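Numbering (this note's numbering), first residue to last: 348 to 853. Every residue gets a Cβ at the ideal spot worked out from N, C-alpha and C, and that includes glycine. Model, not experiment: these values are computed from the prediction.
Okay, structure coming up:
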C-alpha cells in the first residue's frame, strides 16, 4: 500500500481539529436540561425574522443597483461599483454602534440639529443595519449574472413593443434568479451568524442569547443554543450549495446611455445607501474624535489586536500550505479541505463557546493567547487555503517536473520553486486572515486573556459603559482596516483577471 504524502497527513490532522468545536458542543450540550422551551421559540422567531427581512432588503437594494451598474453607462462607473461594494468589507457592528448612538431622542443628530429622530433598536434597527451591510452580496452576484446574460431576448421584447422595465422584469430577471438567490442566501447567512448588530440593537437572536448564557455561567445551555444555530447555518449552507448559476452562450450585451439629467437622478438615488452605510459611521467616529479626543485609549489595544492577528495569520499560512497542496492532488485532499471550510461557517460566538469549554478542560490553555489564536485559525484558515490553492492551480508545473527529473526531492522542489512562485497567494491569504482576525468581536470577547483588550473588545466595553465618545480611535482604526481588506480583495480580483487574460492570449 502506497503511503500517504506528508501533505495528506497534515490535512487530515487539520480537518479533525476543524470538527473539534462541533464535537465539544455536542458533549457539552448533553448536560443541558431542556432541548427547546418557550423562550427558545422567541429567539428562533427573532433569528428567522432577521434572516428573512435581511435577505428581502438585500434583494430590494442589490438588484436595482446591479442593473444600474451593469447596463447603464454612468460617469465614474467603476468608482461607484467600489463605493457600493465597500459595506461588504466593513463589520456591521460598526454601523450598528454608530446608528445606535446617532439616532434616538438623545442621539448625536438630535444634539447637533435639534431634530428628534426615532431610535434604531430591536428587530427594525437590526434589519436596517444588516440590509445595509449585506446588500453587496446580492449586488455582486446579480451583476455577475447580468454581465454574462445574452440580451437578445430583451431587445426582441423591446422590438415587440414592451417597455424597458417590464422587459427586464419578465425577460432578464427570471434568467438570473439563481444569482439573486445565491446573494440573498449569503446575506441571510451573515445575518444569522452576526453577533454585534443584534447585541447593539438589543434583539434576542441566537448569537446574543448565547453570549448572555455564557456570562451567566450557563455553558450547557449556550452549547445547546449553539447547536441549534449550527443546524440553521448548515441548512442555509446546503441551500446555497444547491443554487447553481445558469450558463448561457455569450451574446449581445445590453447597455443604456442616459442623458445628464437621468445620470444625476440615478446617482442621487444611490447616494443615500453610501451615506448611511459608509459616511455616517465615519462622520460619527470623526465627530467623537474632534469633540472628546482620544480619551483613555491606549496604543496597547491596537498592539494586542495586531499581535494576535499576526500570530493567527502566520499559523494559518503554515497550516494552509500543505492543505492547499493536498486539495489539488486528489479527492481525499479535496474532501479534507471541504471539512476545514466548516470552521468558516461556524459563527464566532459558537466557536468561542466551544473553545471556552475546551480551555476549562485543559487549564494550561484557558484564557491564553494561544487559545484565541487557535480560534482565529480555525475560523479563517479557509481564506488562506483558498488564496494559496488559487495561486497553486495557476502554477505551470513544468518547472517542478524538471527539478524532480534533475534529482530534487519533493520538499526541495517545493521550497525552491513552488513556494516562490505562489508567494503572492501566500501573502494575500495571510493578509486576509490578519484583517479578519483584527475585526473579530465575539470569539475575542469569550477567549481573550483577562485584561487583554483589542480594538473590537474595547469598542464593546465602551458600548457597555455608555461612554460612546471613547470609541473614536478604535472605530476609525477598524474602518481603516476594513478599507485595507477591500483594497486587498480588489487587488486580488484584478490580479486574477490579468492572469486569466494572459491565459486566454496564450
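Environment of residue i [buried if 16+ CB atoms lie within 10 Å]
{"i": "residue 645", "result": "exposed"}
{"i": "residue 386", "result": "exposed"}
{"i": "residue 685", "result": "exposed"}
{"i": "residue 638", "result": "exposed"}
{"i": "residue 759", "result": "exposed"}
{"i": "residue 783", "result": "buried"}
{"i": "residue 673", "result": "buried"}
{"i": "residue 852", "result": "Note that residue 852 scores a pLDDT of 41, beneath 50, so its modelled location is shaky and nothing firm can be said."}
{"i": "residue 701", "result": "buried"}
{"i": "residue 609", "result": "exposed"}
{"i": "residue 585", "result": "exposed"}
{"i": "residue 709", "result": "exposed"}
{"i": "residue 503", "result": "exposed"}
{"i": "residue 789", "result": "buried"}
{"i": "residue 787", "result": "buried"}
{"i": "residue 363", "result": "exposed"}
{"i": "residue 575", "result": "buried"}
{"i": "residue 568", "result": "buried"}
{"i": "residue 560", "result": "buried"}
{"i": "residue 711", "result": "exposed"}
{"i": "residue 499", "result": "exposed"}
Simplified DSSP state of residue i, which is helix, strand or coil
{"i": "residue 841", "result": "Annotation note: pLDDT 49 at residue 841 (below 50); position unreliable, coordinate value reported separately. Reduced to three states, the DSSP call for residue 841 is helix."}
{"i": "residue 410", "result": "helix"}
{"i": "residue 590", "result": "coil"}
{"i": "residue 542", "result": "coil"}
{"i": "residue 553", "result": "helix"}
{"i": "residue 360", "result": "helix"}
{"i": "residue 603", "result": "strand"}
{"i": "residue 699", "result": "helix"}
{"i": "residue 483", "result": "helix"}
{"i": "residue 515", "result": "helix"}
{"i": "residue 737", "result": "helix"}
{"i": "residue 464", "result": "coil"}
{"i": "residue 688", "result": "coil"}
{"i": "residue 714", "result": "coil"}
{"i": "residue 564", "result": "coil"}
{"i": "residue 694", "result": "coil"}
{"i": "residue 488", "result": "helix"}
{"i": "residue 834", "result": "helix"}
{"i": "residue 857", "result": "Because the chain is modelled from 348 through 853, residue 857 falls outside the range shown and cannot be assessed."}
{"i": "residue 454", "result": "coil"}
{"i": "residue 476", "result": "helix"}
{"i": "residue 770", "result": "helix"}
{"i": "residue 755", "result": "coil"}
{"i": "residue 531", "result": "helix"}
Beta-carbon separation (whole angstroms), residue i vs residue j, contact threshold 8 Å
{"i": "residue 357", "j": "residue 670", "result": "7 Å"}
{"i": "residue 551", "j": "residue 393", "result": "6 Å"}
{"i": "residue 659", "j": "residue 724", "result": "5 Å"}
{"i": "residue 777", "j": "residue 663", "result": "7 Å"}
{"i": "residue 624", "j": "residue 479", "result": "4 Å"}
{"i": "residue 628", "j": "residue 441", "result": "5 Å"}
{"i": "residue 799", "j": "residue 603", "result": "Between residue 603 and residue 799 the Cβ distance is about 54 Å, and since that is not below 8 Å, they are no contact."}
{"i": "residue 538", "j": "residue 820", "result": "Their Cβ separation, rounded to whole angstroms, is 28 Å, which puts residue 538 and residue 820 out of contact at 8 Å."}
{"i": "residue 476", "j": "residue 398", "result": "At roughly 14 Å, the Cβ-Cβ gap does not stay under 8 Å, so residue 476 and residue 398 are not in contact."}
Distance cut-off 8 Å: residue i Cβ against heavy atoms of the ligand NAP
{"i": "residue 493", "result": "Of ligands this structure carries none, so the ligand NAP is not represented either."}
Cutoff 9 Å: residue i Cβ touching any chain B Cβ
{"i": "residue 369", "result": "The structure shown contains no chain B; it is built from a single protein chain."}
Taking three-plus beta-carbon pairs below 8 Å as touching, is the segment 796-805 in contact with the segment 741-750?
No, the segment 796-805 does not touch the segment 741-750.
Is there contact here, the segment 512-529 with the segment 547-558, by at least three beta-carbon pairs under 8 Å?
Taking 8 Å as the limit for Cβ pairs, the verdict is that the segment 547-558 does not touch the segment 512-529.
For the 8 Å Cβ check, are there 3 or more pairs between the segment 443-455 and the segment 518-529?
Touching, no, given that fewer than three Cβ pairs across the two stretches are closer than 8 Å.
Pairing CB atoms from the segment 763-776 with CB atoms from the segment 805-824, are three or more of them under 8 Å?
Cβ pair count under 8 Å is below three, so no.
Looking at C-beta atoms only, is the number of pairs between the segment 465-476 and the segment 431-450 that lie closer than 8 Å three or more?
For the pair of segments examined, the segment 465-476 was found to touch the segment 431-450: the number of CB pairs separated by less than 8 Å reaches three.
Let me know the alpha helix (DSSP H) ranges lying completely inside the segment 777-809, each 4 residues or longer, listed in chain order.
List check, alpha helix (DSSP H) in window: 789-794.
Can you find at least 3 beta carbon pairs, one from the segment 427-447 and one from the segment 483-492, that sit closer than 8 Å?
Taking 8 Å as the limit for Cβ pairs, the verdict is that the segment 483-492 does touch the segment 427-447.
Ordered list of alpha helix (DSSP H) runs contained in the segment 627-653, each at least 4 residues
Taking only runs of at least 4 residues, the alpha helix (DSSP H) segments lying wholly in the segment 627-653 are 627-639.
Completely contained alpha helix (DSSP H) runs for the segment 364-449, where each covers 4 or more residues:
Entirely contained in the segment 364-449, the alpha helix (DSSP H) runs reaching 4 residues are, in chain order, 385-418, 424-432, 439-449.
Counting pairs of beta carbons, one from the segment 405-422 and one from the segment 603-623, are three or more of them closer than 8 Å?
These segments touch.
Closer than 8 Å is the cut-off here; do at least three beta carbon pairs connect the segment 689-697 with the segment 751-765?
Touching, no.
Does the segment 716-735 come close enough to the segment 817-828 to have 3 or more Cβ pairs within less than 8 Å?
These segments do not touch.
Is the segment 715-723 close to the segment 650-659, with three or more CB pairs under 8 Å?
Touching, per the Cβ criterion.
Ordered list of beta strand (DSSP E) runs contained in the segment 662-686, each at least 3 residues
Secondary structure in the segment 662-686: no beta strand (DSSP E) run of 3 residues or longer lies completely within the stretch.
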